[in-house]
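Numbering follows full-length UniProt numbering, with no gaps: position 188 of the sequence shown is 188. Where is the CB? At the ideal position from N, CA and C, for every residue including glycine. Keep in mind that this is a model prediction, so the values were computed, not measured.
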Amino acid sequence: MSQQSPGPQQIPVVVLAGFLGSGKTTLLNHLLHRSGGTRIGALVNDFGAIEIDAMAVAGALGDSTVSLGNGCLCCAVDASELDVYLERLARPATGIDVIVIEASGLAEPQELVRMVLASEHPGIVYGGLVEVVDAAEFDDTRAKHPEIDRHLGLADLVVVNKLDRAANGERVLGLVRDLADRAAVVPATYGRIDPEFLFDCRPSEERVGQLSFDDLHEHDEDHTGHLHTGYDSLSFACEVPLDPRRFMEFLDSRPEGLYRIKGYVDFGPYDVHNRYAVHAVGRFLRFYPEPWPPATARLTQLVLIGSGIDASALGKELEACKSDAPHADEHGMWGVLRYVRDPEEYAQAPEEGAFPEA
Numbered sequence: 001m002s003q004q005s006p007g008p009q010q011i012p013v014v015v016l017a018g019f020l021g022s023g024k025t026t027l028l029n030h031l032l033h034r035s036g037g038t039r040i041g042a043l044v045n046d047f048g049a050i051e052i053d054a055m056a057v058a059g060a061l062g063d064s065t066v067s068l069g070n071g072c073l074c075c076a077v078d079a080s081e082l083d084v085y086l087e088r089l090a091r092p093a094t095g096i097d098v099i100v101i102e103a104s105g106l107a108e109p110q111e112l113v114r115m116v117l118a119s120e121h122p123g124i125v126y127g128g129l130v131e132v133v134d135a136a137e138f139d140d141t142r143a144k145h146p147e148i149d150r151h152l153g154l155a156d157l158v159v160v161n162k163l164d165r166a167a168n169g170e171r172v173l174g175l176v177r178d179l180a181d182r183a184a185v186v187p188a189t190y191g192r193i194d195p196e197f198l199f200d201c202r203p204s205e206e207r208v209g210q211l212s213f214d215d216l217h218e219h220d221e222d223h224t225g226h227l228h229t230g231y232d233s234l235s236f237a238c239e240v241p242l243d244p245r246r247f248m249e250f251l252d253s254r255p256e257g258l259y260r261i262k263g264y265v266d267f268g269p270y271d272v273h274n275r276y277a278v279h280a281v282g283r284f285l286r287f288y289p290e291p292w293p294p295a296t297a298r299l300t301q302l303v304l305i306g307s308g309i310d311a312s313a314l315g316k317e318l319e320a321c322k323s324d325a326p327h328a329d330e331h332g333m334w335g336v337l338r339y340v341r342d343p344e345e346y347a348q349a350p351e352e353g354a355f356p357e358a
């Protein structure tokens, strides 16, 4: 594979959906106030604009705010018009790190996802669908809106909110897990979920250069009384490259409670020029090839966050993905490249040097 030149920084766009009263706005405001140094852009369909800064309040206006008061987003605009709004948030001057689209309570999530995927803006990338469920009203919501079953089947992450007000929260959680296919299901009250389930939080102090492995993992330690209480994490680092086929088998079989995977993967002879940043939220998965930074040790470094996961067993499964074979199977990267934004850019024919042997 020829060496990749670093492209423009792409901002993930997360679609936040859920029926009226499920707690989407509460969750978004929680994210805004718990994002640390991460700057969140928001397209909010229900009541106008939300300022994007971590300490901002609903209703403020600024260069990193888009106000939509013209009805349901998926009905009011098309993909090209959405690009106009995204362009305003994705301008470098705004300093946005992640964009959240809070849909109207009656929006069609599938249509919003399609619009984001159809975007031609080079500065953004789809970041997954989050569906918020009101546990206390779940049965009534299903009776009034049976399409919620289909929405849950599309989601990458489901937040079961208001569990403190549900008569039988465990029953609702079990039912949602059955309906949500392979999506991660996160219990919550007052919309309080860890922001790292959706995006990487920047360190509170400014740093120069790439995030270190400690930066990736620092939010997962010593959080007594914080949102991480009740969640488990695993950090994995190794100097031996991973076999892409084995790693994809690991990802395809990841357990239900594993909400988040992030970090960098070294595939060794399969791509000697690039490391692969990996971002998984629930069943949503994306790889981002990027050139190895100069004078950087070639390591695989991963953080896994979940609830009820067997960290020891997952660590052993990752260990089994290691391979020190000096040569690459010419078809070995196909599974990985399916989850690269523009796979055709990386899928050259083997005879053209797509999979170098050294």
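**OP:** Examine the Cβ distances between the segment 135-151 and the segment 296-311 and report whether three or more of them are shorter than 8 Å.
**Re:** no
Original post:
Looking at Ala-280 and Ile-261, is the spacing between their C-beta atoms short of 7 Å?
Top reply: yes
Original post:
Can you give, in chain order, each stretch of the beta strand (DSSP E) that sits fully within the UniProt domain "CobW C-terminal" (231-322) and has at least 3 residues?
Top reply: 232-238, 258-265, 274-281, 284-291 and 300-306
Subject >> Straight-line Cα distance separating Ile-193 from Asp-252 >> reply: 24 Å
Original post:
Going by DSSP, which residues form a beta bridge with Pro-12?
Top reply: For Pro-12, which the question treats as bridged, DSSP gives the partners Val-125.
Subject >> Extent of the continuous beta strand (DSSP E) to which Ile-101 belongs >> reply: 98-102
**OP:** Classify Pro-187 as helix, strand or coil using the three-state DSSP reduction.
**Re:** If DSSP states are grouped into helix, strand and coil, Pro-187 belongs with the strands.
Subject >> residue 365 versus Thr-189 - alpha carbon distance >> reply: The requested residue 365 is not part of the displayed model; the chain covers only 1 to 358.
**OP:** For Pro-291, count neighbouring Cβ atoms within 10 angstroms of its own Cβ and tell me buried if that reaches 16, exposed if not.
**Re:** exposed
**OP:** Let me know if Leu-12 comes out buried or exposed under the rule of 16 or more other beta-carbons within 10 Å of its beta-carbon.
**Re:** It is worth fixing the name first, because residue 12 is Pro in this sequence and not Leu. Pro-12 should be labelled buried.
**OP:** Go through its chain and collect everything with a Cβ distance to Leu-173's Cβ below 8 Å, but skip five positions before and after it.
**Re:** Excluding residues within five positions, the ones whose Cβ falls inside 8 Å are Ala-135, Val-160, Leu-163, Val-185 and Pro-187.
**OP:** Identify which residue in Ala-311, Ala-166, Leu-117 and Asp-243 has its Cα closest to the Cα of Ala-320.
**Re:** Asp-243
Subject >> Separation of Tyr-339 from Gln-10, as counted between CA atoms >> reply: 15 Å
Subject >> Close Cβ partners of Asp-214 (< 7 Å) along its chain, the five nearest in sequence each way excluded >> reply: Legend: pLDDT at Asp-214 = 42, less than 50; position of this residue unreliable, value from coordinates given subsequently. Contacts found: none.
Original post:
For residue 368 versus Gly-191, is the C-beta distance shorter than 7 Å?
Top reply: The shown model of the chain, from 1 to 358, leaves out residue 368, and the question about it has no answer.
**OP:** Kindly indicate which residue of Pro-146, Leu-112, Val-132 and Ile-96 has the alpha-carbon position closest to the one of Phe-199.
**Re:** Per the Cα distances, Ile-96.
Original post:
What separation, rounded to the nearest whole angstrom, lies between the Cα atoms of Gly-268 and His-331?
Top reply: 14 Å
Original post:
Where does His-273 land, buried or exposed, given buried means 16+ other C-beta within 10 angstroms?
Top reply: The residue in question, His-273, is exposed, as its Cβ has fewer than 16 Cβ neighbours within 10 Å.
Original post:
Going by other Cβ atoms of all chains shown within 10 Å of its Cβ, with 16 needed for buried, is Val-100 buried or exposed?
Top reply: buried
**OP:** Just the C-alpha distance for Asp-181 and Arg-114, rounded to the nearest angstrom, thanks.
**Re:** 20 Å
Original post:
Are the beta-carbon atoms of Leu-197 and Tyr-259 separated by less than 7 Å?
Top reply: The sequence given here has Phe at residue 197, not Leu. Pairing Phe-197 with Tyr-259 gives a Cβ-Cβ distance under 7 Å.
**OP:** Could you spell out the range, first to last residue, of the alpha helix (DSSP H) harbouring Ala-143?
**Re:** 138-144
**OP:** Tell me whether Leu-117 sits in a helix, a strand or coil according to DSSP, three-state version.
**Re:** helix
Original post:
Thinking C-beta only, is Gln-110 closer than 7 Å to Leu-154?
Top reply: yes
**OP:** Consult DSSP for Ile-40 and reduce its assignment to one of helix, strand or coil.
**Re:** strand
Original post:
The alpha helix (DSSP H) spanning Val-340 covers which residue range?
Top reply: Note, Val-340: premise wrong, no alpha helix (DSSP H); not H, not E.
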